[in-house]
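Novice: Chains R and F are the protein sequences, given in the same order. When we follow our numbering, the leftmost residue of the first sequence carries the number 1, and every step to the right adds one. When we follow our numbering, the leftmost residue of the second sequence carries the number 1, and every step to the right adds one. Structure incoming, see below.
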Amino acid sequence: MPVAPDLERIYDDHAQALFAFALDLTRSEADTRDLLQEMFRRLAMRPLRETTVRDERAFLLRMAHNLWVDQIRRSTSRERVRDTLAAASEPVFAPATNPDSETFRRELDAALAELPPEQRSVVHLKLWEEMTFESISRTLDIPLNTAASRYRYALDKLRVRLRPLYEEIQ
Amino acid sequence: MNPDEFEQRLRKEAFRPIPPEWRHELLREARLDGAASAGLAPSPSPCNGLGEWLRDWLWPAPAAWAALAACWVAVLILNRSALPSAVEMAETRANARLALAYQAAVREFNALQLDDPASAPRPSAALPPRRAAEPSQARMHRQPTPSTYECLETVSTQQMA
């Protein structure tokens, strides 16, 4: 039985973005794989319909976020997961050839891991998915002002944490 | 540190690429699960089709439709609670039966009165008040009605007696 062409197209169009988002949230490649597997299993059982999904990427990111929340609820409390993530997390950025860039990426990785997951998800969607706050609020099911304030707080923390290194490598 | 520059710098950082072997693995597993669920799923029935159609129809604003449905339920409940109780209904029916019986009795009484000329009312009493307001000319040229004859006959019989 061939794979539904729509499923392949969805994978080719969105898998990289979903992988990055899920990895940023879970900080674990194994959990990311489980999450993506569950996503595509659900998509295979109940295909997306163009009439019901206006923004496919936003819909899939929301689905990934909801699955991640389910994953946390199933395993343990959020606080414990956050502590675990901060203690030992897998790198989410690709290795760089330039040593300065590599150092910056490592620091950014660590700084992101220290952020609360709620803020990290907003930062990810804003910076790397280039979504608007309105779209982020819909995707994460939070008020618009909450999305904006979480982004502001998170960016301030990143700025404080990365300022010395950033100014050094500039 | 310019905020925009900092954000731009962060945006440039590339995430790890998704392992290429995942594509085959994830899609294969999804295909197997999809096939299994399709095998377990019941054959398409009119009910399923209706469900799909309803889902499509309600999708743009499910909350609005739910609110409308809630309003209708509230209206139905209010309507139901405003209906008279069984006791009130029985009382109304009994009153209606009583009214019908009273009407029938009145009709019978009137019929008896018409059959018995002796008990007919006196002409002066039978005349409606507005007849006095009629012009005298019109009263003179008016044809007497059978009931008037009857009244006159009754009066003359009484005088003779």
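In this text, a Cβ means the ideal position worked out from N, Cα and C, and glycines have one as well. In this text, all values refer to a predicted model and were calculated from it rather than measured experimentally.
Which residues of chain F have a Cβ atom closer than 9 Å to the Cβ of Gln16 (chain R), listed in chain order?
Specialist: Neighbours of Gln16 (chain R) on chain F, chain order: Phe15, Pro17, Ile18.
Novice: Does the beta-carbon distance from Arg174 (chain R) to Ala147 (chain R) come in below 9 Å?
Specialist: Residue 174 (chain R) cannot be examined here, being either before or after the span of chain R that is shown, 1 to 170.
Novice: How many angstroms separate the CA atom of Tyr11 (chain R) from the CA atom of Val75 (chain F)?
Specialist: 48 Å
Novice: Taking just the CA atoms, how far does Asp100 (chain R) sit from Glu168 (chain R)?
Specialist: 9 Å
Novice: Please determine if the segment 31-41 of chain R and the segment 62-74 of chain R are in contact, where contact requires at least 3 C-beta pairs separated by less than 8 Å.
Specialist: yes
Novice: Which term fits His24 (chain F), buried or exposed, when burial requires 16 or more other beta carbons within 10 angstroms of its beta carbon?
Specialist: exposed
Novice: Does Tyr153 (chain R) get closer than 9 Å to chain F when you measure Cβ to Cβ?
Specialist: no
Novice: Strictly under 9 Å for the Cβ-Cβ distance: is Ala64 (chain R) near chain F by that measure?
Specialist: no
Novice: Establish whether the CB of Ala30 (chain F) and some CB of chain R are separated by less than 9 Å.
Specialist: yes
Novice: What separation, rounded to the nearest whole angstrom, lies between the Cα atoms of Ala35 (chain F) and Leu165 (chain R)?
Specialist: Approximately 52 Å, taken between the alpha carbons.
Novice: Work out the CA separation of Met89 (chain F) and Leu83 (chain F) for me, nearest whole Å.
Specialist: 10 Å
Novice: Does any CB atom of chain R fall closer than 9 Å to the CB of Glu7 (chain F)?
Specialist: So yes, Glu7 (chain F) belongs to the interface.
Novice: Tell me the residue span of the alpha helix (DSSP H) that contains Asn66 (chain R).
Specialist: 56-75
Novice: Per DSSP, what are the beta-bridge partners of Phe21 (chain R) in this structure?
Specialist: Paired residue(s): none; Phe21 (chain R) is not in a bridge.
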